[in-house]
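Okay, so here's the structure we're looking at.
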Amino acid sequence: LSYSKKKEEKDPLLDYLLSFRDRMGRAKELITENSLTAFFFVNLPEALPIAVITRFINWFHEFGIPVGGVVVNGLIQEELVGEEAPEFVHNRLKMQQEHMEEIWKIFGDRVRGIVPLFETEVKGARMLNRTVEHLFARHAP
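Per the working numbering, the very first residue in the sequence shown carries number 246; after that it's consecutive.
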């Protein structure tokens, strides 16, 4: 035992770890509060993405993280595929239709939107605005 009046030095690592713990606790509160946060998953009408998103949604539920829904992206619009379209396109359309049945079966009313396959990748402000307009357009009943 020391009887000197040596001042205890603060441990910067301990201070950082305590601060980090507090920040992570606050982040957890925000992420798990369903009145403030909801996660939306963007999915493709393909087998692997469906399996991955299903697993992620289950994990989110286990951790108490609210899931707002699923948005399906890149869906070929049947009405735009003519008889003259290549066989690949017809096969892809059929595959997507089968996967959409699975998506509706698994996610049901959690499907919040469907984005068509555009002629280009959604990249840049113009295409992002187009996607937003499509997702939030009011469709007549």
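Even for Gly, the Cβ is constructed at its ideal location relative to N, Cα and C.
Remember, predicted model here, so these are calculated numbers, not experimental data.
Taking the straight line between their C-alpha atoms, what separation do you get for residue i and residue j?
| i | j | result |
| --- | --- | --- |
| P386 | E278 | Confidence at P386 is low in this model, with a pLDDT of 46, below 50, so the placement of that residue is unreliable and no value is reported for it. |
| V356 | W349 | 7 Å |
| F284 | F333 | 34 Å |
| T282 | E329 | 46 Å |
| H379 | V360 | 7 Å |
| E366 | T376 | 11 Å |
| G309 | V297 | 18 Å |
| D260 | E364 | 53 Å |
Tell me which same chain residues have a C-beta within less than 7 Å of the C-beta of residue i, skipping the five on either side of it?
| i | result |
| --- | --- |
| F352 | V315 |
| L338 | I321, E323, V326 |
| H408 | There is simply no residue 408 to check, as the chain begins at 246 and stops at 386 in what is shown. |
| I302 | F286, V312 |
What are the boundary residues of the alpha helix (DSSP H) that includes residue i?
| i | result |
| --- | --- |
| I302 | 292 to 307 |
| P257 | 257 to 277 |
What are the boundary residues of the beta strand (DSSP E) that includes residue i?
| i | result |
| --- | --- |
| L320 | 312 to 320 |
| V287 | 284 to 288 |
| V356 | 356 to 361 |
Exercise for the section: Examine the Cβ distances between the segment 256 to 272 and the segment 307 to 317 and report whether three or more of them are shorter than 8 Å. Expected result: no
Problem - Segment contact, 8 Å Cβ cut-off, at least three pairs: the segment 287 to 306 with the segment 318 to 329 - result: yes
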